[in-house]
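J.: Chains as they are written, first to last, in our numbering: chain P, 251 to 426; chain W, 251 to 426.
There are 2 protein chains.
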Amino acid sequence: MRVLGVDPGLTRCGLGVVDGRPGRAGMVALGVIRTPSDAEPGERLVYLESQLEHWIERFRPERVAIERVFADVNVASVMTTAHASAIAILVATKAGLPIGFHTPTEVKAAVTGSGRAGKAQVGAMVQRILGLDDPPRPADAADALALAVCHAWRGAAADRLQGLAEQTGRRLAAQR
Amino acid sequence: MRVLGVDPGLTRCGLGVVDGRPGRAGMVALGVIRTPSDAEPGERLVYLESQLEHWIERFRPERVAIERVFADVNVASVMTTAHASAIAILVATKAGLPIGFHTPTEVKAAVTGSGRAGKAQVGAMVQRILGLDDPPRPADAADALALAVCHAWRGAAADRLQGLAEQTGRRLAAQR
C-alpha cells in the first residue's frame, strides 16, 4: 500500500511517501513544502494546494495520512496548521483518496512502541524501518514518513480485520 | 463596493452579500451552507468549496470579508471552523478577490458602536442599516451580513485614507 503522509503546516508542510505492508516499509519520496510567513494567507494556501496536487499526481499514493491537529497544542500556530490541514483534506478528497487521521501519540507508538518517544527516537526508528543510511531530515519530513508508515501498518491491519469480519459475516449468512 | 461576508463553519457557514458605502448599505443576498456533521470531513470541505465558488460566480463580489477565528474561543469546534475558514480563503484567492479579516468585536463595533453588543442588538442594527422588514435570520447569516457591512465601511475608509496618503505624498513630492 502506497501512503502519502502529511505533517500539516503553512510555513513548513512535511511530506513523505512510503510503500508499506505490516512490519515492512520502503521510502519512495520525502520533502517539505515551504511558504513565506509574510505572504498573503490565501497565496500560501493556493501554493500548498498546487504542491500537494503535484505530489499526488507524481507519486500516485493509494491513501493519504494526515496528522490530527489538536486545538490546545499551541494557540499561536494552531490556526495556520489547521488551514494547511484543511487544504490537504480537500486535495486528497478531490483526488478520490481515502484519508486517515493519526495523532502524534499513535504515530510514535506505531513506529517506536511508545507513545511518548522523543523526536530523535522516532527519527532513528524511521531510519531503521525504511533502511536509510541516515535519519530522515528535516524533522517535518521525518514526521510525515513516520505518519505514512503508521498508516500503512495500521491501515493494513484495519483492512484485514474488516476483511475477516466480512468473511465471517458471509459464512454466518451462508449457514442460516 | 460589493462585499461577500463569510461566517465560517462546517455545520453551518453563514453568507451575506452587501452593496455598501460608508454609512449606507443594501442587502443583495443571504444564506447558509450546511453540511451534515456525520459526513466525511473531506466531502464537507469539497461541498463548501463548490458552494462558495457558486456564490462568488453568481453575486460577483469585489471583496470577501471573513470572520477571524481565534484558537481559544471554543476548543471543540475551532478546528472545523478553521477548516471552513481555510476553504473560504482559498476560494476567494483563486477568484482573485482581496480578503479582509475582522474579529467579532470589530464587526459589533462597526454596526452598533459597541464591541460588546449582543446578538439581538447586532441583528437589530443590521436590519435597520439594510432597511429590512425583519431582523435577518438565521443568526449565522446575520453575522455574515454584519461582517460584510463592517468590511464595506471600514474598507472604504481604509481606501480613502490610502488615497489621501498617496495624494499628500504626491503633493509633497511636487513641492520638493
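In this text, a Cβ means the ideal position worked out from N, Cα and C, and glycines have one as well.
Answer yes or no: does any C-beta atom of chain P fall closer than 7 Å to that of Ala-398 of chain W?
T.: Answer no: the Cβ-Cβ gap between Ala-398 of chain W and chain P never drops below 7 Å.
J.: Of the choices W:Val-253, W:Ala-342, W:Glu-299 and W:Gly-373, whose alpha-carbon is the least far from that of Ala-389 of chain W?
T.: The shortest Cα separation from Ala-389 of chain W among W:Val-253, W:Ala-342, W:Glu-299 and W:Gly-373 belongs to W:Gly-373.
J.: For Pro-272 of chain W, count neighbouring Cβ atoms within 10 angstroms of its own Cβ and tell me buried if that reaches 16, exposed if not.
T.: It counts as exposed.
J.: Could you tell me the distance, in whole angstroms, from the CA atom of Leu-280 of chain W to the CA atom of Leu-302 of chain P?
T.: Cα to Cα, the separation comes out at about 34 Å.
J.: Using only alpha-carbon positions, find the residue among W:Met-251, W:Ile-349, W:Ile-379 and W:Gly-350 that is nearest to His-363 of chain W.
T.: It should be pointed out that residue 363 of chain W corresponds to Gly in this sequence rather than to His. Of the listed residues, the one whose Cα sits closest to Gly-363 of chain W is W:Ile-379.
J.: Is the beta carbon of Gly-365 of chain P closer than 7 Å to that of Lys-358 of chain P?
T.: Yes, the Cβ-Cβ distance between Lys-358 of chain P and Gly-365 of chain P is below 7 Å.
J.: Once you ignore the five residues that flank Ser-335 of chain P on each side, which residues in its own chain have a CB closer than 7 Å to its CB?
T.: Correct list, in chain order: Pro-258, Ile-316 and Val-319.
J.: By how many angstroms is the C-alpha of Ile-337 of chain W removed from the C-alpha of Thr-355 of chain W?
T.: Rounded to whole angstroms, Thr-355 of chain W to Ile-337 of chain W spans 23 Å at the Cα level.
J.: Listing by chain order, which chain W residues have their CB less than 8 Å from the CB of Leu-295 of chain P?
T.: Near Leu-295 of chain P (Cβ distances below 8 Å), the residues of chain W are Ala-336, Ile-339, Leu-340 and Thr-343.
J.: Thinking C-beta only, is Ala-394 of chain W closer than 7 Å to Val-253 of chain W?
T.: Taking 7 Å as the Cβ cut-off, Val-253 of chain W and Ala-394 of chain W do not qualify as a contacting pair.
J.: Does DSSP put Phe-320 of chain W in a helix, in a strand, or in coil?
T.: Three-state result, Phe-320 of chain W: coil.
J.: Can you have a look at Gly-292 of chain P and say buried or exposed, based on whether 16 or more other CB atoms are within 10 angstroms of its CB?
T.: Buried.
J.: Mind listing the chain P neighbours of Glu-299 of chain W? Cutoff is C-beta to C-beta under 9 Å, in chain order.
T.: Going along chain P in sequence order, the residues near Glu-299 of chain W (Cβ under 9 Å) are Leu-340 and Lys-344.
J.: Going by alpha carbons, who is nearest to Gly-266 of chain W out of W:Ala-289, W:Val-278 and W:Arg-274?
T.: Residue W:Val-278 is the option with its Cα nearest to Gly-266 of chain W.
J.: How would you list, in chain order, the residues of chain W whose beta-carbon sits under 9 Å from the beta-carbon of Val-319 of chain P?
T.: The answer, in chain order, is Met-329 and Ala-332.
J.: In the structure shown, what three-state DSSP assignment does Arg-366 of chain W receive?
T.: Coil, per DSSP.
J.: Would you mind reading off the limits of the beta strand (DSSP E) that contains Gly-350 of chain P?
T.: Gly-350 of chain P -> beta strand (DSSP E) spans 349-352.
J.: By the criterion of Cβ-Cβ separation under 9 Å, what are the contact partners of Pro-385 of chain W in chain P?
T.: Chain P residues near Pro-385 of chain W: none, gap ~31 Å exceeds 9 Å.
J.: Suppose the cutoff is 8 Å on Cβ atoms and the five residues either side in sequence are ignored; what does the same chain contact list for Ala-391 of chain W look like?
T.: The answer, listed in chain order, is Asp-257, Gly-264, Leu-265, Gly-266, Leu-280, Gly-281 and Val-282.
J.: Counting only the same chain and skipping the five closest in sequence on each side, list residues whose C-beta sits under 7 Å from that of Lys-369 of chain W.
T.: Hits under 7 Å: Ala-389.
J.: In chain order, what are the residue ranges of uninterrupted beta strand (DSSP E) at least 3 long that sit wholly in the segment 251-307 of chain P?
T.: Whole beta strand (DSSP E) segments, 3+ residues: 252-257, 262-271 and 274-284.
J.: When the distance is taken between beta carbons, is Glu-299 of chain W closer than 7 Å to Val-341 of chain W?
T.: Yes.
J.: Keeping to the same chain, check which residues put their C-beta closer than 6 Å to that of Tyr-297 of chain W; ignore five residues upstream and five downstream.
T.: The answer, listed in chain order, is Thr-285.
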